[in-house]
Every structure is written in structure tokens, then in C-alpha cells.
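Residue numbers (our numbering): 11 to 474.
Okay, structure coming up:
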């Protein structure tokens with residue numbers, strides 16, 4: 011009897027280890043490249059950016075207006091066969107000196123991830139699913155000065171692990187592009203693995219194919235109340251199928267709905283799932299949950315799983331110096347400028363740089379009292395306001411009395427508000443010009459002048 015009991019125990023342990031090895035073998039479960047990041051709560055390629063854009067779409071970092079960080083975590087049940095578990099920390103840093111009137115001209119991103127493809131014990135032979143680390147550095151260059159809403163970027167990542175020799179020392183390079191056509195539509199594209207890195211051990215190594223990750227994001231109401239994103243991963247050159255190769259096409263769709271500070275989100279992605287007894291099958295992962303957005307803090311998370319099952323979850327915490335808009339209609343943020351604080355060439359140049367750095371659709375209120383009335387300064391400032399209006403901005407001028415130069419500046423505004431108790435000294439214009447060309451000709455004299463700008467018309471009095 012003791013022998014029978016001992017044999018039963020040994021058989022049970024063997025069956026358990028056999029089942030664990032089968033569940034953990036790289037040949038079973040999701041076909042997933044080592045180059046892929048953890049399962050994000052929401053994969054945003056063409057939408058709003060935070061620090062996690064370092065790995066999702068580095069070009070989106072170019073739209074940041076303040077320091078932005080994100081912490082993410084994802085869990086998948088060992089029995090699910092999915093390989094998206096892990097944790098990550100990301101930081102986006104816009105480069106610019108707003109105190110000196112210098113708009114952000116670039117942005118940097120840094121990210122660190124601990125990826126755990128399978129949360130079970132593996133045999134020493136199967137090392138592809140062991141835990142590994144990923145360090146990412148990103149650079150974004152906004153090109154909005156030349157093309158409204160355009161930004162480009164790149165990310166360099168290094169994979170390393172003491173436990174997983176399959177990925178030790180693998181380098182990855184991604185290129186990205188984002189174009190925000192207007193407040194309703196945005197386009198994004200990330201080319202992942204441009205350098206087609208090779209990973210593996212000895213003769214079992216493989217080349218990871220280049221992947222295209224496009225997305226179009228649509229906001230029907232022009233704000234975050236409702237956003238729909240459609241995209242997916244595409245491998246243009248069909249890879250040699252191994253358990254760690256991505257599927258040739260992995261379509262993805264996401265949607266979010268928000269009112270005030272609260273919102274709902276969901277995402278679905280198709281992928282290839284390998285089973286020992288049935289070959290490759292088409293499966294889908296999903297995630298749905300709740301979003302809480304405050305101006306400088308945001309939380310997003312919810313359960314995830316395969317079709318018909320819940321086997322994990324993911325969450326993201328956002329911290330940023332940039333103020334994020336809430337989804338409910340609220341008064342627009344208005345930039346107030348008092349011209350009395352910007353007298354002189356240097357301060358005027360800083361003011362013009364500030365106006366150029368304002369995002370599209372900004373609203374500016376100009377208080378003209380005490381401003382510089384030099385015509386050259388007025389012309390430059392007026393042109394800067396006109397350029398802001400060309401980027402869908404709005405300008406409101408507030409007059410407390412004023413002169414002809416003040417009124418000329420205010421005439422470029424979309425709306426003029428005049429103080430009812432102040433006098434506006436504009437009743438008409440009377441101009442009298444004397445011409446001396448005939449008189450000089452009779453005296454046998456001729457004037458020679460050097461013009462330093464096209465609007466210098468003073469010599470005309472002596473030439474006509």
C-alpha cells in the first residue's frame with residue numbers, strides 16, 4: 011500500500027510537470043515577437059500622447075506641452091497562452107525654454123519594461139518565454155512650423171536578460187510619423203523593427219520581420235467625448251513561421267467614451283494562436299474598463315482576456331505637468347497678453363515667439379493699453395496675430411482708449427471690446443502730402459535716397 015501511494019504521488023508530480031511544460035512551451039499559445047511591448051490598456055498610435063508614447067508611437071511625444079510620465083502593468087493567466095504580461099515605466103520630456111519664449115523644438119522619451127511572457131516554471135530547454143527587460147530611448151521632432159499637425163520620431167530599444175539568452179543583446183529601431191489633420195481626424199504610422207533584428211541561440215536564431223503599425227483616430231465631435239481608432243500590425247514580408255514570429259496581419263480596433271472626468275474604453279485585437287493539436291487558430295484579445303481623468307493625473311484599467319473568457323487585466327497611471335482637457339464642455343483656455351508688459355524690441359520678440367508656439371485653435375486676448383505704438387512693432391505683432399488665426403486661433407482685442415496704431419492692431423482681431431467710459435480718438439484720417447520734385451528740378455537739384463525697407467515711402471515726396 012505504501013508503494014502504491016508513493017507511485018501515485020510520483021505519477022501526479024509527473025503529470026503536473028508535463029502539463030506545465032506543455033503550457034509553457036514556446037510552440038503553444040500566442041504567436042508573439044519578443045520585440046513587442048507589454049499589453050497596453052489602450053494602444054494609442056494616432057491619439058493623445060503621454061509618456062507611454064515612447065514605445066507606442068514616439069512621434070506623438072512632439073505634441074507634449076509638459077513633462078509626462080506613465081506607469082503600466084499587465085497580467086495574463088498562465089493557462090491563457092497569452093504572452094503580454096509585464097510592467098513598464100515611461101517618461102516624455104519636451105525640450106524648450108518657455109520662460110525665454112522658446113517653443114518646444116524636440117522631445118525625448120525613456121522607457122523601461124520588465125516582460126514576462128509566461129508566468130510559470132519552464133524547463134531549462136525552453137528559454138524563449140523567460141523573463142527579460144527592455145530599455146527604450148525615443149526622440150521626436152515636431153514639424154508644425156512647416157506642416158500643421160506633423161511630427162516625426164524614432165525609438166531605439168535594447169533587450170537584455172540573464173535568464174533568457176534568446177533575447178540577450180537584441181537591438182530594435184522603430185520609426186514613426188503622426189499627422190493631426192484637424193481636431194476630428196489624426197493619422198499615425200510606426201515602422202517597427204526597421205533593422206530586422208536577429209534573436210536566438212546558435213542555430214535556432216531567427217530574424218524578426220519588419221512590421222507596419224498604422225492607425226486612424228476619429229473624434230466625431232472634435233473632442234475626447236468619443237474617439238474611435240482603427241489600425242493593426244502588418245508584416246509586409248511574410249515571416250518564416252516560428253512560435254515567436256508575429257502573424258502577417260493583426261487588425262485592431264479601439265473606442266473610448268467620456269463625460270466629464272469619467273469614461274469607458276475598450277480594445278480588440280486579432281492574433282494567431284498556436285495549439286499543439288490544431289495548428290494555428292485565429293483568436294482575439296480584448297480589454298475593457300474605466301478611465302478617470304483629472305487635469306494632471308489619469309488612471310485607466312480593466313479586465314482583459316480571450317473571446318468568452320477573462321484571464322487577466324491591465325492598468326495605466328498617468329502623471330503630467332501638462333493640463334489634459336476633460337471630455338465635458340468647459341470654458342476654453344484663454345491666453346491673456348497685456349501689451350504694457352512687452353515694450354521694447356526684446357520683449358516684443360519674445361511675445362511673437364510665444365504666439366508662434368501656441369497650439370492650433372488657441373484663444374488670445376490682447377489688452378492694448380500701454381503698448382508700444384511704433385509702427386514697425388505694431389506691424390510685426392499684427393502679422394503674428396494673423397498667423398495665429400491661420401492656425402484656427404481666435405483673437406480678442408480689448409481697448410481702453412487708444413490711438414490710430416492701437417486701432418490698427420485691434421482691427422486684426424476677430425472681436426473688439428472697447429471700454430465704454432474711455433475715449434477712442436479715431437474720428438477720421440486727414441493726410442496732406444507735399445511733393446518737391448518740380449521745385450528741385452527748377453533749382454537744378456536731385457535727391458538720392460537709400461531705402462532700407464519696402465514701406466519706407468519718405469523719398470517719394472522728393473521724387474514726384
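We treat Cβ as the ideally placed atom computed from N, Cα and C, and that holds for glycine.
Being a predicted model, the structure only gives us computed values, none of them experimental.
- Cβ neighbours of residue 445 within its own chain (closer than 7 Å, five residues either side excluded): 471, 474.
- Closest option to residue 215, judged by alpha-carbon separation, among 406, 405, 44: 44.
- Apart from sequence neighbours up to five positions away, the residues of its chain that approach residue 85 with a beta-carbon distance below 6 Å are 95, 322, 323, ordered along the chain.
- In the three-state scheme derived from DSSP, where H, G and I count as helix and E and B as strand, residue 360 is classed as helix.
- In the three-state reduction of the DSSP assignment, residue 173 falls in the coil class, being assigned neither a helical nor a strand state.
- Counting only the Cα atoms, residue 363 lies some 26 Å from residue 305.
- The beta-carbon distance between residue 443 and residue 418, rounded to whole angstroms, is 19 Å. This is too long to meet the 8 Å contact definition.
- Selection 184, 274, 409 evaluated against residue 221 yields 184 as nearest (Cα-Cα).
- Under DSSP, residue 346 takes part in a beta bridge, and its partners are 375.
- Judged by DSSP in its simplified three-state form, residue 272 adopts strand.
- Only residues of its own chain outside the window of five on either side were considered, and among them 378 have a CB closer than 6 Å to the CB of residue 416, listed in chain order.
- The DSSP assignment places complete alpha helix (DSSP H) segments of no fewer than 4 residues inside the region 395-452 at 414-420, 447-452, in order along the chain.
- Pairing residue 90 with residue 120 gives a Cβ-Cβ distance that is not under 8 Å.
- Note: residue 144 is bridge-paired with 123, 169 in the DSSP secondary-structure output.
- Short of 7 Å from the beta carbon of residue 260, and not among the five residues preceding or following it, lie these beta carbons of its own chain, in chain order: 242, 243, 279, 280, 281.
- Nearest C-alpha to residue 148 among 118, 236, 125: 118.
- Exclusion of the five residues before and after residue 425 leaves 406 as the residues of its chain whose Cβ lies within less than 6 Å of its Cβ.
- Selection 201, 158, 422, 72 evaluated against residue 116 yields 72 as nearest (Cα-Cα).
- Annotation for residue 245: no alpha helix (DSSP H) segment contains it, and DSSP assigns it neither H nor E.
- Residue 408 and residue 144 have their C-alpha atoms roughly 54 Å apart.
- When secondary structure is reduced to three states using DSSP, residue 290 falls in the strand class.
- Taking all protein chains in view, the Cβ of residue 66 is crowded by 16 or more other Cβ atoms within 10 Å, so the residue is classified as buried.
- Following the DSSP letters along the chain, one finds residue 65 inside the alpha helix (DSSP H) bounded by residues 63-66.
- In this structure, the alpha-carbon of residue 352 lies about 52 Å from that of residue 125.
- When secondary structure is reduced to three states using DSSP, residue 351 falls in the helix class.
- Non-local beta-carbon contacts of residue 457 in its own chain, meaning distances under 8 Å to residues more than five positions away in sequence, involve 450, 469, 472, 473 in chain order.
- Ranked by Cα distance from residue 64, the options 76, 42, 167 are led by 167.
- CA-CA distance, residue 98 to residue 365, rounds to 37 Å.
- A straight-line Cα-Cα distance of about 7 Å links residue 375 and residue 344.
- Considering only 234, 263, 297, the residue with the shortest C-alpha distance to residue 269 is 234.
- Bridge partners of residue 227 according to DSSP: 196, 239.
- In the structure shown, the three-state DSSP call for residue 296 is strand.
- Leaving aside the five residues that flank residue 394 on each side, the residues in its chain whose CB is nearer than 6 Å to its CB run, in chain order, 362, 365.
- The alpha-carbon of residue 328 is positioned some 11 Å away from that of residue 311.
- Assignment of residue 73 by DSSP, reduced to helix, strand and coil, places it in the helix class.
- Distance from residue 284 to residue 39 at the Cβ level is roughly 6 Å; contact confirmed, criterion being Cβ atoms closer than 8 Å.
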